[in-house]
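Report on the structure given below.
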Amino acid sequence: MLREYLEEKKKIVESSLIELLGNYRGKYPEKLAEAMEYAVMNGGKRIRPILMYMICDLFEKNNCKSYDKIKEIAAALEFIHCYSLVHDDLPAMDNDDYRRGKLTVHKKYNEAIGVLVGDALLTEAFGIIANSKKLEDKNKVEIISKLSEYAGFFGMVGGQFVDMESENKQVEIDTLKYIHAHKTGKLLTAAIELPMIALDIESEKHEKMVEYSKLLGIAFQIKDDILDIEGNFEEIGKKSNDVENEKTTYPSIFGLDESKRLLQEYLKKARKIIIDDFNGNQLFLELTDYFGNRKK
């Protein structure tokens, strides 16, 4: 069920992304537009925007008209996710040559273009939401406010900063939790919360789904830490620099076996929320398992 759903919604998301990128294609400066498209359409699972469609289906019972309200938000969030990857890969950050099995943007073009592509994707994301004809103005304001919080100082960027500052040193578990919750978790929370704002869903279920997203975010990053050890280039599409950069990870603190146990503990808590508060929604239960079993 989940596999078919992911494939179906990935096509919808990528069609939306291509449509939006068409606004820049062929426009001056053409090379920036080309590099933006390379960064966005360079593979990827599209989990964050697909999560938005899942929220729509969860609360609206497959009422496809509601997709109109989240289509542009989903694409905007993916723009921000892609910008973060482009900047992550830069020499001053993780210094990666490959992303998803292909050359990173700064390797394909150059470092300056890599910086500017990330800048453009981040900036344009907010413009996409602000110019949406499908959203009420009050919803736009709340969505933009939340997205800037989750993507900026109090979210992903803050987590990335602490992650960089923690290289070449052993950090406490609380610091590692902060990194995971912010660097990875905040955009996953955005994927859950922003569509609920767009759909005017205000209830205890809103809070429960946000709690679920936080558990999923930590599990996602623990799994990433495990894959950096157990995965290989062919599976994950890039070379891990965590050991080289002496980054603190769950396996470096707890060891591999305990990290796997902790991963299952977070996934169990996430599953319990879906079972107790969302009638054991099959798609979300399968998604939770997917986060624990993914290979890349």
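When we follow the working numbering, the leftmost residue of the sequence shown carries the number 632, and every step to the right adds one. Don't be surprised by glycine CBs; every beta carbon is placed ideally from N, CA and C. Quick caveat: nothing in here was measured; it's all calculated off a predicted structure.
Q | Ser-776 burial status per 10 Å Cβ neighbour count (16 or more: buried) | A | Per the 10 Å Cβ criterion, exposed.
Q | Best match in Glu-665, Leu-819 and Ala-829 for proximity to Val-748 [C-alpha to C-alpha] | A | Here the closest residue by C-alpha is Glu-665.
Q: Could you tell me how far apart the beta carbons of Phe-710 and Val-671 are, in whole angstroms, since I believe they sit closer than 8 Å?
A: Yes, they are in contact, since the Cβ atoms of Phe-710 and Val-671 sit about 7 Å apart, within 8 Å.
Q: With DSSP collapsed to three states, give me the class of Asn-693.
A: Low per-residue confidence applies at Asn-693: pLDDT is 48, beneath 50, and the placement is therefore not dependable, though the value from the model is reported in the following sentence. In the three-state reduction of the DSSP assignment, Asn-693 falls in the coil class.
Q: Determine the DSSP secondary structure at Leu-716, reduced to helix, strand or coil.
A: Under the three-state reduction of DSSP, Leu-716 is assigned to helix.
Q: Counting only the same chain and skipping the five closest in sequence on each side, list residues whose C-beta sits under 7 Å from that of Glu-755.
A: Within the same chain, Glu-755 has close Cβ partners Phe-710.
**Q.** Burial state of Val-841, where buried means 16 or more other Cβ atoms lie within 10 Å
**A.** So Val-841 counts as exposed.
Q) Can you tell me where the alpha helix (DSSP H) with Gly-758 in it begins and where it stops? A) Note, Gly-758: alpha helix (DSSP H), 742–761.
Q: Answer with buried or exposed for Tyr-659, where buried requires no fewer than 16 other C-beta atoms within 10 angstroms of its C-beta.
A: Classification for Tyr-659: exposed.
Q. How many angstroms separate the CA atom of Asp-699 from the CA atom of His-837?
A. Each residue's CA atom was taken as its position, placing Asp-699 and His-837 some 20 Å apart.
Q: Go ahead and label Pro-722 buried or exposed: buried means 16 or more other beta carbons lie within 10 angstroms of its beta carbon, across all protein chains shown.
A: Exposed.
(Q) As a quick exercise: from Ala-706, Leu-652, Glu-703 and Gly-675, pick the residue whose alpha carbon is nearest that of Glu-575. (A) This structure gives no information on residue 575, because the portion of the chain shown stretches from 632 to 927.
Q.
Going by DSSP, what residue range makes up the alpha helix (DSSP H) through Asp-848?
A. Note that residue 848 is Gly in the sequence shown, not Asp. In the DSSP assignment, Gly-848 falls within the alpha helix (DSSP H) that extends over 835–861.
**Q.** Cβ neighbours of Ile-906 in the same chain (closer than 8 Å, five flanking residues each side left out)
**A.** Excluding residues within five positions, the ones whose Cβ falls inside 8 Å are Leu-916.
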